[in-house]
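Residue numbers in the sequence shown follow the numbering used here, run continuously in steps of one, and reach 496 at the last position.
Ideal Cβ placement from N, Cα and C applies to all residues, glycine included.
All values derive from a computational prediction rather than experimental measurement.
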Amino acid sequence: MQITLDTKPFVGTETDALVTYLFEDSEPINGRVAEVDAASGGLLKKLARSGEVTGKTLEFTLIHAPAGLKAARLLLVGAGKKDAFNGATLRKVAGAALRYLKARSVKNFAFLVRENGATADAAQALAEGFIAANFETDKYKTDKKNGKEIESIALMGFAEAEKSAGEKGLAAGKIIAEAQNFTRDLVNEPSNKLTPRILADKASAMAKDAGLAVEILDEKRIAELKMGALLSVAQGSVEPPRMIVATYTPANVKPGAPVIGLVGKAVTFDTGGISIKPADGMEKMKYDMAGGATMLGAIRALAALKPNVKVICVVPATENMPGGKAQKPGDIQTAMSGKTIEVLNTDAEGRLILADAITYAKQLGVTHIVDAATLTGAIVVALANVNVGVFGSNQEFTDKLLASAKASGEKMWPMPMDDEYREFIKGSFADIQNIGSGKGGGSITGAWFIREFAGDTPWIHLDIAGTAWNDDAKPWLAKGPTGVALRTLVHLVQSY
Ligand code: BES
Ligand code: ZN
Ligand code: ZN
């Protein structure tokens, strides 16, 4: 799918469909859309007056052979109230328009940005919206509904003077959304086609393509480094674990500059281990590697965007299986840091593998850590599938990430990290235990467990258990993996 920017006048453009958006207003046909209306002899105003066209969010009006236009179709998409309109709305409008037209076998369309809207940010949001919306999860279907492919999109409404900014935004949006789809493709893989070893191979191939340094630690190296927490999860499976490390080093990095560690949980399948999960819905646990896939996608995008910040991505990869050698509730493990852990529930495995990954990242010299993990069912209870849960040890760093989330149009919500919750994971027979002894607060005790290993290094934990997977298709996104948090992380790194 090709996306280009076209500064030609939109009224005379030949295309399968001209797409634009309306605001919910007493007169939704205004501004640039009034120009379209004038060309087509007042049809749009008539539709608005009759109440058929209102501008309500994601209301679609498709007009065939619109008079006065060279476009074969005119598609109007409601964008809701103008005051609430932002990049996130534009991204959704763009994505929903693409999926709407693709379903109707349209091949090419032009998307007209509204007056005063032709900015770099808008071009970036549009590219992101289109490319993410174009992703399908039909990789393993033999009947792929062939022929339904969007071939080209032209962004219109940019003046000559706005062209270079628009093209910059467009290029960035392509890089970021393609990385997001790379992440989603990994998350979509079932566990028989994505073992820790296969994930490591795919990460190596990506890193080589992107020009990143990559190092894969195998089970022998992991044992030499005494990563007892990671090994304890892996020991129940016949598939060996891997620790994946990809590094982006900018050309000129100032001495003393921050080094960002992106650490992502990659449990390629989580049965729960001996504390086994119920059968119902267990198939979804193939997405328990979404945090790792997100970090790999983020560093892939950063390799192309080339910010002036060093980034080290560390992804611990393993299965969590109840094999004959599996760890058992009550087992005490020694993490790489030397801390001892009572494993009271083998299903709280994400925090175990992140513990060693964070210790290793610190050894590699990171000054700031963000981890992403499908860590707890409790975050789904707290925030449903709407917000990513954000836990931090350093207010300034956390605020910076929340600002990046806002700028990237990703919903994230700060969660409390009071010391009282830390008491919940004090061990009875070892230093700490891997589940809380109090009632409730499961996503917070999970975060506190990880924080014990981050120590004084500014750290943020993103619990993406509720948001990394769409149980139902959205008008702008297919059912399945979302690639959530990637855009925020890329923005965060770029903001240094
Ligand atoms: N991978 C799960 C978390 C999860 C649950 C993700 C539901 C997506 C949907 C994690 O490893 C887990 O099992 N966590 C336990 C922790 C508990 C034993 C303290 C949970 O949330 O139930
Ligand atoms: Zn688990
Ligand atoms: Zn898990």
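Check each candidate in K92, K400, K56 and name the one with the smallest Cα separation from V493.
K400
Considering only C-alpha positions, which residue in the set T467, A465, W448, F269 is nearest to W459?
W448
Please look up how many angstroms separate the CB atoms of D356 and H461, rounded, as I've assumed it's under 8 Å.
So it is not a contact: roughly 15 Å between Cβ atoms.
Below 8 Å, how does it come out for the region 205-215 and the region 315-329: are there three or more Cβ pairs, yes or no?
no
Report the three-state DSSP secondary structure of L47 (helix, strand or coil).
helix
For G446 versus F424, is the C-beta spacing smaller than 8 Å?
no
Beta carbon of E24 nearer than 8 Å to that of G80
yes
Cα-Cα separation between L489 and N181, rounded to whole angstroms
15 Å
G95 and W476: beta carbons closer than 8 Å?
yes
Give me the Cα-Cα distance between D275 and V388, rounded to the nearest whole angstrom.
Position check: residue 275 holds Ser in this sequence, whereas Asp was assumed. Rounded to whole angstroms, S275 to V388 spans 26 Å at the Cα level.
Please report the distance separating the alpha-carbon of H69 from that of V33.
A quick correction: the sequence has Leu, not His, at residue 69. Those two C-alpha atoms are separated by around 12 Å.
Tell me the residue span of the beta strand (DSSP E) that contains I341.
340-343
Would you check if the distance between the CB atom of A110 and the CB atom of T15 is smaller than 8 Å?
yes
A177 CB to nearest heavy atom of ligand 2 below 7 Å
no
Is any heavy atom of ligand 3 found at a distance shorter than 7 Å from the C-beta of V253?
no
I'd like to know whether the C-beta atoms of I29 and A17 end up nearer to each other than 8 Å.
no
Which residues mark the beginning and the end of the beta strand (DSSP E) in which E319 is found?
310-320
Using 8 Å as the threshold, is the region 429-437 in touch with the region 337-353, meaning 3 or more CB pairs across them?
yes
Thinking C-alpha only, which one of L5, K46, I341, E178 is nearest G427?
I341
Could you have a look at I269 and say whether DSSP puts it in helix, strand or coil?
In the sequence on display, residue 269 carries Phe and not Ile. The answer is strand: DSSP assigns F269 an E or B state.
Give every residue of the same chain whose Cβ lies closer than 6 Å to the Cβ of K310, excluding the five residues on either side of it in the sequence, and list them in chain order.
T249, V253, V259
Can you give me the Cβ contacts of E162 inside the same chain, cut-off strictly under 6 Å, excluding the 5 residues immediately before and after it?
A118
Best match in F429, S408, G441 for proximity to R422 [C-alpha to C-alpha]:
G441
Whose beta carbon lies closer than 5 Å to any heavy atom of ligand 1, going through the chain in order?
D270, D288, N345, D347, A348, G350, T374, T376, G377, I435, A465
Under 8 Å by Cβ, that's how I've got I353 and K265 pegged, so tell me the actual separation to the nearest angstrom.
6 Å
For the region 256-306, list the alpha helix (DSSP H) runs that are entirely contained and at least 4 residues long, ordered along the chain.
290-305
Since W413 is in the beta strand (DSSP E), which residue starts that stretch and which ends it?
412-414
Can you tell me the Cβ-Cβ gap for P481 and A203, rounded? I've got them flagged as a contact below 8 Å.
About 16 Å separates the two Cβ atoms, so there is no contact after all.
Just checking my contact of A97 with V11 at CB under 8 Å: how many whole Å lie between their CB atoms?
19 Å between Cβ atoms; not a contact.
Hey, out of L126, P307, T467, D471, whose CA is closest to V380's CA?
T467
Between which two residues does the alpha helix (DSSP H) containing L402 stretch?
395-408
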